[in-house]
Amino acid sequence: MKLLIILAIILLVIAAHQLLRVIELSRSLRKEVEWKPNDQDNNFMGKTMIVFLVLFFIFFFWQIAHWGARTLPPAASEHGVLIDQLWDANMLLITVVFLVTNTLLFYFAYKYRGKSTNKATYFPHSNKLEMIWTVVPAFALAFIIIFGLKYWNQITAPAEDKDKIVVELYAKQFDWTARYAGKDGKLGETDYRQISGTNAVGIDSTDANGHDDILVRNEFHIPVNTEIEFRMRSRDVIHSAYMPHFRAQMNCVPGMVTFFKFKAIKTTEEMRKDPFVVNLMSITNKIREKEGKEAVEFDYLLLCNKICGASHYNMQMNIIVDTPEAYRAWMIKQRIAAKTMAAK
Amino acid sequence: MATIHTDLEKEHLAHHEHVHHDDDHHESFVQKYIFSQDHKVISRQFLITAIIMALIGMTMSIIFRIQLAWPGEKFAFINAILGDKWAKDGILDPNMYLALVTIHGTIMVFFVLTGGLSGTFSNLLIPYQIGARDMASGFLNMLSYWFFFTSSVIMIGSCFINDGPASAGWTVYPPLSALPEGIPGSKLGMTLWLISMALFIVSSLLGSLNYIVTVVNLRAKGMKMTRLPLTVWSFLITAIIGVLSFPVLVSCVVLLIMDRSFGTSFYLSDIYIGGRPLDNMGGSPILFEHLFWFLGHPEVYIVIMPAFGITSEIISTNARKPIFGYRAMIGSLLAIGFLSCIVWAHHMFVTGMSPFLGSVFVFTTLLIAIPSAVKAFNYITTLWKGNIQFTPAMLFSIGLVSSFITGGVTGIILADSTLDITVHDTYFVVAHFHVVMGLSAIFGMFAGVYHWFPKMFLRMMNKKLGYLHFWLTFMCSYGVFLPMHFVGLAGVPRRYYTNSNFPIFDSIVDINIVITICAIVGGLAQLIFVFNFFYSIFRGEKAPQNPWNSNTLEWTTPMANIHGNWPGELPTVHRWSYDYSKPGAERDFIPQTVPLQEGEQDGGEH
Chain D
1 MKLLIILAII
11 LLVIAAHQLL
21 RVIELSRSLR
31 KEVEWKPNDQ
41 DNNFMGKTMI
51 VFLVLFFIFF
61 FWQIAHWGAR
71 TLPPAASEHG
81 VLIDQLWDAN
91 MLLITVVFLV
101 TNTLLFYFAY
111 KYRGKSTNKA
121 TYFPHSNKLE
131 MIWTVVPAFA
141 LAFIIIFGLK
151 YWNQITAPAE
161 DKDKIVVELY
171 AKQFDWTARY
181 AGKDGKLGET
191 DYRQISGTNA
201 VGIDSTDANG
211 HDDILVRNEF
221 HIPVNTEIEF
231 RMRSRDVIHS
241 AYMPHFRAQM
251 NCVPGMVTFF
261 KFKAIKTTEE
271 MRKDPFVVNL
281 MSITNKIREK
291 EGKEAVEFDY
301 LLLCNKICGA
311 SHYNMQMNII
321 VDTPEAYRAW
331 MIKQRIAAKT
341 MAAK
Chain F
345 MATIHTDLEK
355 EHLAHHEHVH
365 HDDDHHESFV
375 QKYIFSQDHK
385 VISRQFLITA
395 IIMALIGMTM
405 SIIFRIQLAW
415 PGEKFAFINA
425 ILGDKWAKDG
435 ILDPNMYLAL
445 VTIHGTIMVF
455 FVLTGGLSGT
465 FSNLLIPYQI
475 GARDMASGFL
485 NMLSYWFFFT
495 SSVIMIGSCF
505 INDGPASAGW
515 TVYPPLSALP
525 EGIPGSKLGM
535 TLWLISMALF
545 IVSSLLGSLN
555 YIVTVVNLRA
565 KGMKMTRLPL
575 TVWSFLITAI
585 IGVLSFPVLV
595 SCVVLLIMDR
605 SFGTSFYLSD
615 IYIGGRPLDN
625 MGGSPILFEH
635 LFWFLGHPEV
645 YIVIMPAFGI
655 TSEIISTNAR
665 KPIFGYRAMI
675 GSLLAIGFLS
685 CIVWAHHMFV
695 TGMSPFLGSV
705 FVFTTLLIAI
715 PSAVKAFNYI
725 TTLWKGNIQF
735 TPAMLFSIGL
745 VSSFITGGVT
755 GIILADSTLD
765 ITVHDTYFVV
775 AHFHVVMGLS
785 AIFGMFAGVY
795 HWFPKMFLRM
805 MNKKLGYLHF
815 WLTFMCSYGV
825 FLPMHFVGLA
835 GVPRRYYTNS
845 NFPIFDSIVD
855 INIVITICAI
865 VGGLAQLIFV
875 FNFFYSIFRG
885 EKAPQNPWNS
895 NTLEWTTPMA
905 NIHGNWPGEL
915 PTVHRWSYDY
925 SKPGAERDFI
935 PQTVPLQEGE
945 QDGGEH
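Protein sequences appear in the order of chains D and F. The opening position of the first sequence corresponds to residue 1 in our numbering, with each subsequent residue numbered one higher. The opening position of the second sequence corresponds to residue 345 in our numbering, with each subsequent residue numbered one higher.
Right under this line is the structure:
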């Protein structure tokens with residue numbers, strides 16, 4: 001079998017060689033150069049430029065029409081709504097720039113395709129034009145910078161609400177643990193040297209605040225319309241807590257605590273009824289059906305977004321946004337569970 | 345100043361003519377083609393090494409793209425390439441997936457687009473276009489290539505060891521890259537990666553220092569800075585940025601080596617891994633990120649600026665028009681070069697770095713958009729009212745302008761820390777940097793190869809194969825990377841072995857298939873180039889003296905690759921290099937060696 005393949009390859013090479021010889025011979029007879037573009041080439045390539053431009057833009061808009069519905073749903077957090085607005089404004093601006101400049105580029109390439117009888121115009125520079133395209137982008141950028149930084153300062157300011165809830169997200173290869181304060185409302189200090197089978201996140205046993213802390217895995221709950229202050233920690237390598245639906249992301253870095261805060265504005269139930277999400281889930285479930293997988297419902301997700309090892313792709317935790325009442329009920333259940341665990 | 349200059353030139357001339365006389369008779373094969381000190385040979389060595397590295401890097405990307413499009417399906421050829429250990433039954437192993445992603449990135453960024461692009465074209469064009477006999481130091485130049493070669497061999501070699509190559513991503517953030525317990529690739533593979541990179545940096549520094557000294561000291565008589573072709577300007581600025589930023593990568597790499605092998609704690613603190621707490625205290629991974637990106641960001645401009653230079657030259661030559669705004673082009677290169685060194689922390693908005701520091705970097709980063717816009721508009725205006733000759737090189741140059749714009753505009757989104765929160769480390773970023781850096785730079789490289797092939801190999805490449813290669817490559821590139829933006833907008837993180845573990849990502853399954861099919865077709869299209877390249881080296885048509893009717897000095901040397909470039913005296917330069925279609929001139933180009941006529945102004949002077 002292998003011999004046959006080798007034989008076939010050898011024959012192919014010989015055939016290709018002969019073919020090339022024929023082409024070379026015919027070329028030398030025609031006395032035409034095979035490297036310099038002639039008027040016919042320039043004409044053809046120039047027109048292809050326009051064809052490409054049209055196809056390019058059709059493809060671009062087709063994607064928006066078909067795949068736009070598969071992007072992230074509208075933000076489910078207070079600051080996320082601001083980010084989305086800013087995003088749309090910036091996206092509009094750059095789409096216009098993208099369309100206009102590409103059009104000019106390919107149109108000029110077509111319009112001024114070479115002809116042996118033509119001569120180019122000597123036009124080495126123009127201070128006026130250059131001034132225009134220095135100043136106009138500068139103003140556009142000023143707008144982008146000012147709004148971007150305004151929101152950035154709001155988003156990264158420390159959490160100051162009185163009724164804020166502190167949640168610690170603890171990352172390790174390859175799962176998440178969420179830690180809530182117990183009745184005392186305070187998270188205990190930590191010490192990585194005290195990590196053990198029974199002390200997964202390394203709560204410092206000398207700190208009484210930590211004795212009633214509650215650890216949650218697989219999914220964690222937060223109440224709607226309440227400021228949540230996330231404190232991120234990592235046990236081993238850098239992870240990143242990415243909650244795309246809330247437009248929230250912060251790395252978890254071993255040796256330090258990082259922060260991110262947001263206020264969810266839609267409960268999981270409300271989000272499942274959002275028209276965008278309904279449509280997205282019907283697309284998703286149609287694809288799943290084709291692959292023979294069962295239908296799923298929408299859930300908020302916490303993902304790891306910094307390469308952290310072999311199972312990086314599978315480091316997830318569901319987030320449930322509850323009404324304040326449902327959240328309180330869930331919290332009480334967790335406290336009871338924690339107590340019975342401790343009693344054992 | 346002027347007298348010092350002439351003295352240097354005389355010395356140089358005398359020296360080289362001496363060398364020239366005995367070299368012709370005594371060079372052995374090894375001296376001439378292997379340990380050569382001739383810039384033209386070294387340039388070809390860089391180019392061919394880079395082509396081989398690019399093919400390896402591309403094959404890796406196709407393998408992991410197949411995994412992303414059809415996760416869990418069996419492909420016999422993947423098993424044939426990677427063997428049972430890394431692709432049992434033809435299904436890619438998750439660790440190998442990360443290794444391929446890592447090595448693909450490293451090879452493409454450093455070995456193809458830095459070593460390959462600067463190494464090939466700075467070496468070829470600097471002496472030719474400034475009118476010098478060779479580089480300032482041929483010996484250092486030779487060393488530069490052989491360090492590059494050695495580091496390439498080590499990098500490729502690391503793919504064949506038992507635990508697999510480095511696999512912590514091309515940015516090799518510790519602690520993952522520092523802890524062998526974290527990932528198998530952080531054992532011997534990472535050590536080899538670090539050794540290879542250290543050698544690469546040596547090569548890059550030797551090369552860059554040489555380029556700078558050559559451009560500053562060895563310009564031919566009359567070659568003022570304002571008469572230099574933009575290629576040489578871009579190589580010069582690239583080399584300066586390289587000299588300033590690569591040493592920081594050395595320190596970054598050395599500290600990582602210390603942490604890995606000698607028990608220090610520069611980057612490590614409070615870590616519990618492999619069932620035990622580590623002793624390391626007080627280090628910070630953020631320090632690594634600062635040091636890494638202090639090189640890492642200038643690096644992307646080290647990659648793109650030579651491509652700008654090459655394109656400026658090719659667009660002007662083939663539009664038969666002077667480059668629009670020559671001085672503005674130099675100014676924007678300088679501005680980009682300067683700004684590129686003070687924007688690094690925009691890679692770190694969500695790392696836990698101080699948000700205030702983040703705002704400073706938003707500001708500096710967005711400033712880069714201004715000189716970039718100037719460049720894009722100047723390219724477009726150069727086409728306006730031109731008489732465009734569509735050589736394959738010209739097509740790739742136009743492709744570069746298009747991809748630079750398309751990828752550049754999304755950079756405005758990513759530079760905005762507020763918006764970056766949503767898409768940081770998603771496929772949106774992957775799409776952005778592949779379009780703006782990967783595509784643009786590789787298009788610039790292709791353009792350069794098609795354009796200067798006659799100078800390198802004295803023969804011409806076939807235009808029709810060039811056309812086919814361009815259109816397939818161009819369409820497939822956009823076919824890969826436009827859809828990838830949508831994957832990112834769906835919130836899919838990069839470096840995921842499969843997206844099928846999250847039901848919400850099932851919606852992008854077919855987008856991934858489109859991307860992979862385009863990648864495979866685009867990959868196969870490169871075989872057309874490889875064939876055209878190697879075929880033309882041996883059997884292409886003989887090149888005429890000045891095939892593209894170009895003004896620059898390299899086309900005044902005989903088509904013979906002689907040592908010392910010009911057989912007699914060095915040429916004298918009388919004008920800038922962009923006198924195309926000048927009114928009153930007989931032909932539509934005036935080489936730089938033609939004296940200015942009475943009352944004629946030099947284009948570079950204003």
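Just so it is clear, CB atoms sit at the ideal spot from N, CA and C, and this is done for glycine as well.
Contained alpha helix (DSSP H) runs [length at least 4] in the segment 433-519 of chain F, N- to C-terminal order: List check, alpha helix (DSSP H) in window: 438-450, 461-474, 482-501.
If I measure Cβ to Cβ from Asp367/F and keep anything under 6 angstroms in the same chain, skipping five residues before and after, which residues do I get? With a pLDDT of only 46 at Asp367/F, under the threshold of 50, the placement of this residue in the model should not be trusted, and no figure is reported.
Which of helix, strand or coil DSSP assigns to Glu657/F: Glu657/F sits in a helix when the DSSP states are folded into three classes.
Kindly indicate which residue of Ala109/D, Ser77/D, Val216/D, Pro275/D has the alpha-carbon position closest to the one of Leu739/F. Of the residues Ala109/D, Ser77/D, Val216/D, Pro275/D, the one whose Cα lies closest to the Cα of Leu739/F is Ala109/D.
Chain F contact for Phe59/D (CB, 8 angstroms cutoff): Chain F has a Cβ within less than 8 angstroms of the Cβ of Phe59/D.
Chain F contacts made by the segment 17-41 of chain D, where a contact means CB separation under 9 angstroms: Residues passing the 9 angstroms Cβ filter: Leu20, Glu24, Arg27, Val33, Glu34, Trp35, Lys36, Pro37, Asp41.
Start and end of the alpha helix (DSSP H) containing Val594/F? Note, Val594/F: alpha helix (DSSP H), 574-605.
With a cut-off of 8 angstroms, does the C-beta of Lys926/F fall near any C-beta of chain D? Chain D contact via Cβ: present.
Give me the chain D residues within the contact set of Ala689/F, using Cβ-Cβ distance strictly less than 9 angstroms, ordered along the chain. Annotation: Ala689/F has no Cβ neighbours in chain D at a cutoff of 9 angstroms; minimum Cβ distance is about 13 angstroms.
When you compare only the Cα positions, how much space is there between Lys119/D and Arg931/F? Straight-line Cα distance between these residues: approximately 10 angstroms.
Identify whether Trp223/D lies in helix, strand or coil by the three-state DSSP scheme. Here residue 223/D is Pro; the residue named in the question, Trp, does not match the sequence. Pro223/D falls in the strand class under three-state DSSP.
Minimum Cβ-Cβ distance from Arg193/D to chain F less than 8 angstroms: At a cut-off of 8 angstroms, the C-beta of Arg193/D has a neighbouring C-beta in chain F.
Excluding the 5 residues preceding and the 5 following Phe276/D in the sequence, name in chain order all residues of the same chain whose CB lies nearer than 8 angstroms to its CB. Result list for Phe276/D: Ala69, Pro73, Pro74, in chain order.
Measure from the C-beta of Thr754/F to each C-beta in chain D and report whether the shortest distance is under 8 angstroms. Taking CB atoms only, Thr754/F has a neighbour in chain D less than 8 angstroms away.
I'd like to check one pair, Ala791/F with Val824/F: are the Cβ atoms closer than 8 angstroms? In this structure, Ala791/F does not lie closer than 8 angstroms to Val824/F by Cβ.
Under 9 angstroms Cβ-Cβ, which residues of chain D neighbour Glu885/F? The CB of Glu885/F comes closer than 9 angstroms to the CB of Arg27, Val33, Glu34, Trp35 in chain D, given here in chain order.
Just checking: is the beta-carbon of His365/F within a distance shorter than 8 angstroms of some beta-carbon in chain D? Per-residue confidence for His365/F stands at a pLDDT of 46, beneath the threshold of 50, marking its modelled position as unreliable; the derived number appears in the next sentence. It does not; no Cβ of chain D falls within 8 angstroms.
Enumerated in chain order, which unbroken segments of the alpha helix (DSSP H) with a length of 4 residues or greater are wholly contained in the segment 280-319 of chain D? Taking only runs of at least 4 residues, no alpha helix (DSSP H) segment lies wholly in the segment 280-319 of chain D.
Counting beta carbon pairs with one atom in the segment 135-142 of chain D and one in the segment 676-689 of chain F, are three or more of them shorter than 8 angstroms? No, they do not touch.
Using 8 angstroms as the threshold, is the C-beta distance between Asn895/F and Pro939/F below it? Against a cut-off of 8 angstroms, the Cβ pair of Pro939/F and Asn895/F comes out as no contact.
Tell me whether Pro621/F sits in a helix, a strand or coil according to DSSP, three-state version. Strand, per DSSP.
Residue burial classification, Tyr377/F (beta-carbon count within 10 angstroms, cutoff 16): By the C-beta density criterion, Tyr377/F is exposed, having fewer than 16 other C-beta atoms within 10 angstroms.
Output needed in chain order: residues of the segment 825-852 of chain F with a Cβ under 7 angstroms from some Cβ in chain D. So the list reads Leu826, Pro827, Phe830, Leu833, Ala834, Gly835, Pro837, Arg839, Tyr840, Tyr841, Thr842, Asn845, Phe846, Pro847, Ile848, Asp850, Ser851, Ile852, given in the order they occur along the chain.
For a quick check, are the C-beta atoms of Leu443/F and Gly508/F less than 8 angstroms apart? According to the sequence shown, residue 443/F is Ala rather than Leu. Against a cut-off of 8 angstroms, the Cβ pair of Gly508/F and Ala443/F comes out as a contact.
Which same chain residues end up closer than 7 angstroms to Ile539/F when comparing Cβ atoms and leaving out the 5 residues on each side of it in sequence? Around Ile539/F, the same chain offers Ile498 as residues with beta carbons nearer than 7 angstroms, after the five sequence neighbours per side are excluded.
Going by DSSP, what residues sit across from Arg27/D in a beta bridge? Under the DSSP definition of a beta bridge, Arg27/D lacks any partner.
Which residues DSSP lists as bridging Cys252/D, in chain order: Note: Cys252/D is bridge-paired with His239/D in the DSSP secondary-structure output.
Do you know whose CA, among Ala679/F, Trp414/F, Asn905/F, lies nearest Leu802/F's CA? If we check each option's Cα against that of Leu802/F, Asn905/F comes out closest.
Just list the beta strand (DSSP E) runs in the segment 744-785 of chain F, keeping only unbroken ones of 3 residues or longer that don't cross its boundaries, in chain order. Runs found: none.
Output needed in chain order: residues of the segment 532-554 of chain F with a Cβ under 7 angstroms from some Cβ in chain D. Flagged: no residues at all.
According to DSSP, Tyr616/F sits in a beta bridge with which residue or residues? Tyr616/F has Pro621/F as its beta-bridge partners, per DSSP.
Measure the C-alpha to C-alpha separation of Ala157/D and Lys261/D and round it to an integer number of angstroms. Answer to the nearest angstrom: the Cα atoms are 9 angstroms apart.
Would Asn279/D pass as an interface residue toward chain F - the criterion being a Cβ-Cβ separation below 8 angstroms? No - not a single Cβ of chain F is within 8 angstroms of the one on Asn279/D.
In this structure, how does DSSP classify Asp175/D when only helix, strand and coil are distinguished? Note: Asp175/D maps to strand in three-state DSSP.
8 angstroms is my cut-off, CB to CB: does Val81/D come that close to chain F? No, Val81/D does not count as interfacial toward chain F.
Under the three-state reduction of DSSP, which class applies to Arg838/F: helix, strand or coil? DSSP places Arg838/F outside both helix and strand once states are collapsed to three, so it counts as coil.
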